[in-house]
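K.L.:
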Amino acid sequence: MFTLLNKDQPPIENANLYGSHPFYLIIENSGRSHGLLFLNSNAMDVILQPSPAITFRTIGGVFDIYFFLGPTPTDVIKQYSEIIGKPFLPPYWSLGFHLCRYGYGTLEKTKEIWNRTIAAGIPFDTQWNDLDYMDKNNDFTYNPKTFKELPQFVNEIHSRGMHYIPLIDAGISGSEKHGTYLPYDEGMKEDIFIKDGATDQPFVGKTWNFVSTVWPDFTNPKTQNYYFHMMSNMHDSFAYDGAWIDMNEPSNFYDGHKNGCPKSKLDYPKYVPNVVGDILATKTLCMNAKHYLGLHYDLHNTYGTSQAIATNYALTNIRRKRPFIISRSTWVGHGHYAGHWTGDVYSSWHDLKMSIPAILLMNFYQIPMVGADICGFNGNTTAALCNRWMQLGAFYPFSRNHNSDDTIEQDPVAMGDLVIKSSKRALTIRYWLLPYLYTLLFRAHKFGETVARPLFFEYSNDSATYDIDTQFLWGSSLMIIPVLEENKTKVSAYLPHGVWYNFYTKESVFALGKYYTMNAPLDTIPLMIRGGSILPVQKPADTTTSSRKNNFELLITLDHVKKAKGELYWDDGDSLDSLEKEQFVWSVFTIENNTLSAAKAMKSSFNEKMILGEIQIWGITSNISRVSLNNHEIQFKYDSKENCLNISNLQIDLRENFLLSWEYTDFEQHDDSNK
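Start counting the sequence shown at 1; every next residue gets the next number (UniProt numbering).
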């Protein structure tokens, strides 16, 4: 049984958690897939029967049922995206590494950790602050004592080509003296707070605010403008770059009111789904609370996404750049407006492992910008755990280290030399691969494809892949094989049928669809590249701002018939309308008959320099006699031990089409020094 009612609940099995997505994807033994969306926002149980049947048992509301006929898993997800909306295209800087902690306590401590992370040479793009930056834990403020110079610090962050994101909780303090707290005064004036079902006054509960909390009603048309003004005022104070929205299930420290909820059929219906706490209002609002569009009973699960929509609108109009929002609560269609982090996970090997299926599921739901708190949020991590988690976290689409105030410091530098070394190595690989990741996110935005995906998405006819949740793919080409157990330096990984290349050694194996044992030293996460891939990459730097100034490279891995394909999408990384104005480059690369061709997928223009400086082709098993670029012979290096052709010192304009071809020699030996 699965229960859907959004709840502030640290992730555990068999509990209703932060999001509700009444959607399933089935893959049959034949390899054919279909999906179903049971579109209903009320609390429900979803029950799997012993026979091939499924029951959706909801407590009310309207429901629409959509069938998606596939026949492949990818087809199902793309069809699903046509109904619920495709994901937003994130700003490029958000693909970098993010660092946060609840409990920095002061600006000085925030700066100390920011500085030591930079000094360690760890690739790093965005600094975050949890609620301890606020004045009295109140939204849209900052503490005038402990964070007095926050505006100057944000400017310093920007001067380094980096970014800053603060927390914005869903609830607003309801107890500040009139005239001292604009968000409450203005909300009361505009009458935009959720109302108590019995009194028609603002519903009062309690979260982190010192005395009481009220909640904006995001279904009220006036709330969008209210939220824009509150966020705009805060941006005038310190020029933040994105928003972290939290406690938006919505969470409440009471079960409804301080003294509970009225004994009504809304709060105590005849059938109560299998919710944690056994009552619907556990850690949230009473179900008889009133929104502009109806009762909380019907709208509860939509609240977090409604906040994301308002936040998206505000950021878009404040910055006039792409909005970047990470939200805890999610609902159907959420990924069109915001990303997600998986909540208050525990610092445990179990939760490290469980983060993989959590991230894959969010990709099914059209929320590809997703990640777990690296090294865990609740409880003290260890150097061994954090070491392996930083490696895996470098391959979450959204990569952020974050933990609670009652735990040890766990930023990479705090965890010691091994974690620093592993973090630098894994994140440097991530930054090298960012053009590929960005292209995957573009394809998610345009076509509804997944970014992080399970193996069965690519190998739906291989039943051995169906239950694998300890390794995953970026797109179709890169396999990530994390170490998920303590004191292990080898992993067993399933390689589907075909050619696979070791990312580190370039060694290839023609896999037969079976498990292989791989070395996994303490500072290394095993990675495999699928034969037949062309990955656009870029020489990495310590920030995405600096990386984007470097030359591109193509990493090519030939399949068993010496073919490969791939693509690159590129724009300025932050404009709202790059696609609409056709200000981008979208190149399709193919290899066939010993020729690499680059051609534009769509007519477009782009003014920034894009230089391809190097091409590596793995899997060439015969000596090379000649390489030509657009029919002009060029220098090259062929390594017969690694079976690698390397062409460097190129100055190819990636905004233009090109052809690169090579010829083989008949001689067994080949002298690289003459080329």
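Note that CB positions come from ideal geometry on N, CA and C, so glycine has one too. These figures come from a predicted structure and were not determined experimentally.
May I ask you to report which of helix, strand or coil DSSP gives E668?
P.N.:
Note that E668 has pLDDT 43, beneath the 50 cutoff, so the model's placement of it is unreliable and no number is given.
K.L.:
What would DSSP say about M231, mapped onto helix, strand or coil?
P.N.:
Three-state DSSP puts M231 in a helix.
K.L.:
Check Q201 in the structure and name its three-state DSSP category.
P.N.:
Looking at Q201 - three-state DSSP - the assignment turns out to be coil, as it is neither helix nor strand.
K.L.:
Near K189, what residues of its chain come up, given a Cβ to Cβ distance below 8 Å and the 5 sequence neighbours on each side ignored?
P.N.:
Excluding sequence neighbours, K189 sits near nothing in its chain.
K.L.:
For T489, does the count of other Cβ atoms within 10 angstroms reach 16, so buried, or fall short, so exposed?
P.N.:
Classification for T489: exposed.
K.L.:
Once the 5 residues before and after N155 are set aside, which same chain residues still bring their CB inside 8 Å of it?
P.N.:
So the qualifying residues of the chain are A239.
K.L.:
Where DSSP assigns a beta bridge to P91, which residues make up the other side?
P.N.:
DSSP output for P91 lists no bridge partner at all.
K.L.:
Ignoring anything shorter than 3 residues or poking outside the segment 498-578, list the beta strand (DSSP E) runs there in chain order.
P.N.:
As far as the segment 498-578 is concerned, its whole beta strand (DSSP E) runs of at least 3 residues are 498-502, 508-511, 514-519, 527-530, 533-538, 552-557, 564-570.
K.L.:
Please state whether DSSP places residue 677 in a helix, a strand or coil.
P.N.:
Because the chain here runs from 1 to 675, residue 677 falls outside it and cannot be looked at.
K.L.:
May I ask which residues mark the beginning and end of the alpha helix (DSSP H) holding G277?
P.N.:
Segment: none, G277 is in no alpha helix (DSSP H) and carries neither H nor E.
K.L.:
Classify S41 as helix, strand or coil using the three-state DSSP reduction.
P.N.:
Coil at S41, not helix or strand.
K.L.:
Does the segment 474-482 come within contact of the segment 401-408, defined as at least 3 CB pairs closer than 8 Å?
P.N.:
In short, these stretches do not touch, since the Cβ pair count stays below three.
K.L.:
So if DSSP puts V588 in a beta bridge, which residue, or which two residues, is it bridged to?
P.N.:
According to DSSP, which records beta bridges pairwise, V588 is partnered with E567, A599.
K.L.:
Since P128 is in the beta strand (DSSP E), which residue starts that stretch and which ends it?
P.N.:
Residue 128 is actually Trp in this sequence, not Pro. Note, W128: beta strand (DSSP E), 126-129.
K.L.:
Do P166 and D139 come within 7 Å of each other at the CB atom, strictly closer than that value?
P.N.:
Not in contact: D139 and P166 (Cβ atoms no closer than 7 Å).
K.L.:
Taking V419 as part of the alpha helix (DSSP H), name the residues at either end of that continuous run.
P.N.:
Run containing V419: 417-432, per the alpha helix (DSSP H) assignment.
K.L.:
Can you tell me the Cα-Cα spacing of I652 and E608, whole angstroms?
P.N.:
Their Cα atoms are separated by approximately 14 Å.
K.L.:
Taking buried to mean at least 16 other C-beta atoms within 10 Å of its own C-beta, is E458 buried or exposed?
P.N.:
E458 should be labelled buried.
K.L.:
Would you kindly work out how many angstroms separate the C-alpha atoms of F398 and P454, rounded to a whole number?
P.N.:
Answer to the nearest angstrom: the Cα atoms are 17 Å apart.
K.L.:
When burial is assigned at 16 or more other CB atoms within 10 Å of the CB, is N14 buried or exposed?
P.N.:
Label assigned to N14: exposed.
K.L.:
Counting only the same chain and skipping the five closest in sequence on each side, list residues whose C-beta sits under 8 Å from that of L654.
P.N.:
So the list reads F552, L568, W570, V585, S587, A598, M610, I611, L612, once near-sequence residues are dropped.
K.L.:
CA-CA distance, I530 and P250?
P.N.:
In the sequence on display, residue 530 carries Arg and not Ile. When rounded, the distance between both Cα atoms is 43 Å.
K.L.:
For R319, which of helix, strand or coil comes out of DSSP?
P.N.:
Looking at R319 - three-state DSSP - the assignment turns out to be helix.
K.L.:
I want to know whether the segment 431-439 touches the segment 458-472 - three or more CB-CB distances under 8 Å.
P.N.:
No: fewer than three Cβ pairs fall under 8 Å.
K.L.:
Between S347 and T557, what straight-line distance do the alpha-carbon atoms span, to the nearest angstrom?
P.N.:
Whole-angstrom Cα-Cα distance: 37 Å.
K.L.:
For H334, is the classification buried or exposed, using 16 other Cβ atoms within 10 angstroms of its Cβ as the cut-off for buried?
P.N.:
Looking at its Cβ environment, which holds 16 or more other Cβ atoms inside 10 Å, H334 is buried.
K.L.:
Which class does F218 belong to by DSSP, given the choice of helix, strand or coil?
P.N.:
The answer is coil: DSSP assigns F218 none of H, G, I, E or B.
K.L.:
Would you report the Cα separation of A426 and K195, rounded to the nearest angstrom?
P.N.:
Straight-line Cα distance between these residues: approximately 49 Å.
K.L.:
Can you check which of these residues, L285, I591, V211, is closest to V561 by C-alpha distance?
P.N.:
That would be I591, whose Cα lies nearest to the Cα of V561.
K.L.:
Determine, using beta carbons only, whether D125 and T544 come nearer to each other than 7 Å.
P.N.:
Taking 7 Å as the Cβ cut-off, D125 and T544 qualify as a contacting pair.
K.L.:
Quick one: is I122 buried, meaning 16 or more other Cβ sit within 10 Å of its Cβ, or exposed?
P.N.:
Buried is the call here.
K.L.:
Using 7 Å as the threshold, is the C-beta distance between S130 and Y102 below it?
P.N.:
In the sequence on display, residue 130 carries Asp and not Ser. Yes; because the gap between Cβ atoms is below 7 Å, this pair is in contact.
K.L.:
Along the chain, where does the alpha helix (DSSP H) that runs through T621 open and close?
P.N.:
Note, T621: premise wrong, no alpha helix (DSSP H); not H, not E.
K.L.:
If you draw a straight line from the alpha carbon of residue 717 to that of D241, how long is it in whole angstroms?
P.N.:
Missing from the structure shown is residue 717; the chain here goes from 1 to 675 and no further.
K.L.:
Relative to the C-alpha of T110, which residue among F97, D523, F147, Y494 is closest?
P.N.:
Selected option, being the one with the closest Cα: F147.
K.L.:
At the level of alpha carbons, what is the spacing between D135 and N143?
P.N.:
Their Cα atoms are separated by approximately 4 Å.
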